[in-house]
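Trainee: Counting from 11, one number per residue, gives the positions in the sequence shown under my numbering. Below are the structure tokens for one structure; questions will follow.
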Amino acid sequence: MTAPGTYLDHCASSPLRPEARIAMTAAFELTGNPSSVHADGRAARALLEAARAQVAVLAGAPLAGVTFTSGGTEANVLALRSALAAGARRLLISAIEHDCIRETALASGVDVVQIPVSREGVVDLDALDGAIAAQPMSAGPVFVALMAANNETGVIQPTREAAERVRAAGGWLHVDAVQSAGRRPSGLEALGADSLALSAHKLGGPQGIGALVAGPRTRIVRDLPGGGQEHGRRAGTQNLIGAAGFGAAAQASVIRRDLRAGRDEAATAMVRAGAIVIGAGAERLDDVLCIAAPDFASELQVMGLDLAGVRVSAGAACSSGKVQASHVLGAMGLGDLAGCAIRLSGGWSTTAEDWRTAAAAWIDLYTRLASRRRPVAA
Ligand code: PLP
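Written out as structure tokens, the structure reads:
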């Protein structure tokens, strides 16, 4: 349940879908460990595998390709560790990857090449070509991490074009599809990916579960020691209730709704009042809007909107509320404007009215701020 008002922070976490709630409530009735061979264990296993099948459909992957994890973070980290285990001694990542990719890569002890993005926030494919061509044999197989859509701007990345380049070099393209899954086709083939990271709570499932999805060319290593769960790739008793909710949300999210009109109408009104749309010239997720207004600090916008009953984020909200310069907006060369940007993000429960309410609240805030700044006539 969300608090009364308008919730436009789906990129941080989507409200739980009713289908997920029903599936999880039913899963609470089960007792067994999916690894037990008795009747209760088998019932738990059946539920787990049914959920895996639902996620596999969303990801366009074989059942055995889906490894449940604790979320998108763990899925991304596991992909990078698997690439290192496969001999990668240089990691190519876009400059706008989520911190879980950036920090894992930078802490890995191997070379990290950050591929720049344009001012619109789209990865530079020529720079990727250059980095692949410059990869020495000693750096092992080519590994590239490129997200499907950015979590701060909603800007969609050319993963298929990147895949052609990576494939030609015999490499591995890992795609963080955490924000695109449930919003646009995000299967292995649709994205051209060798592996995908997914997170349930971004598409209306519960928090604390996700998946690393691997295609036929990808080998996922065992990271956590312990039992042989998840085909030996991830030890520990599975989160059965979470998996049930994830599966149901994945299935429900295959039916997409078009909310671009509501988002675009809001953007037009806000721009007329003085906002700048970040990444406006690029293809973006239909229900994500990153805007900035010079001299109107992000935190003030977020707090002002919250007081007006509209919940949004300043940059990436999944970094536990810490206010720090956004590496994404920095990589886009936005300079000081980066500190004046907020993200409005809709999802499965959003209506066109939500967008209208948010735009009106923002315009009211900004107009009041601007009038206070206007010099008083003598
Ligand atoms: N990748 C992206 C693009 C994200 O936006 C997030 C969270 O916001 C994550 C990964 C991490 O996902 P999780 O919260 O499931 O660990």
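The beta carbon of each residue, even a glycine, is placed where N, CA and C say it ideally should be. Since the structure is predicted, the reported quantities are computational estimates derived from the model, not experimental observations.
Out of 134, 137, 161 and 216, which has the shortest C-alpha to C-alpha gap to residue 109?
Mentor: That would be 161, whose Cα lies nearest to the Cα of residue 109.
Trainee: Let's see if you can read the secondary structure: which residues bound the alpha helix (DSSP H) around residue 140?
Mentor: First-last of the alpha helix (DSSP H) with residue 140: 135 to 143.
Trainee: I'd like to confirm the pairing. Which residues does DSSP put opposite residue 78 in its beta bridges?
Mentor: In the DSSP output, where bridge partners are listed per residue, residue 78 has 221.
Trainee: With DSSP collapsed to three states, give me the class of residue 64.
Mentor: Here residue 64 sits in helix by DSSP.
Trainee: Just to confirm the assignment: which complete beta strand (DSSP E) runs, minimum length 3, are found wholly within the region 308 to 359?
Mentor: Runs of the beta strand (DSSP E) inside the region 308 to 359: 351 to 355.
Trainee: Run the proximity test for residue 113: is its beta-carbon closer than 8 Å to any non-hydrogen atom belonging to the ligand PLP?
Mentor: Outside the cutoff, so no.
Trainee: Taking 8 Å as the cut-off, is the beta-carbon of residue 300 closer than that to any non-hydrogen atom of the ligand PLP?
Mentor: Residue 300 Cβ: outside cutoff for every heavy atom of the ligand PLP.
Trainee: Please classify residue 247: does DSSP put it in a helix, a strand, or coil?
Mentor: Correct three-state label for residue 247: coil.
Trainee: Considering only residues of the region 177 to 240, which uninterrupted alpha helix (DSSP H) runs meet the minimum length of 4 residues and lie entirely inside it, listed in chain order?
Mentor: List check, alpha helix (DSSP H) in window: 198 to 201.
Trainee: Between residue 218 and the rest of its own chain, which residues show a CB-CB distance below 7 Å, the 5 nearest in sequence each way excluded?
Mentor: Excluding sequence neighbours, residue 218 sits near 80, 81, 249 and 252.
Trainee: Got a sec: is the Cβ-Cβ distance from residue 101 to anything in chain C below 9 Å?
Mentor: Among the chains in the structure shown there is no chain C, since it carries only a single protein chain.
Trainee: Please find out if some non-hydrogen atom of the ligand PLP comes closer than 8 Å to the beta-carbon of residue 188.
Mentor: Answer for residue 188: yes, Cβ within range of the ligand PLP.
Trainee: Checking 9 Å against the spacing of the C-beta atoms, do residue 20 and residue 355 come in under that value?
Mentor: Yes. Within cutoff.
Trainee: Given residue 134, which residues of its chain have a CB within under 7 Å of its CB, disregarding the five upstream and five downstream residues?
Mentor: The answer, listed in chain order, is 125, 126, 127 and 128.
Trainee: Anyone know if the C-beta pair for residue 198 and residue 221 falls short of 9 Å?
Mentor: Contact: no.
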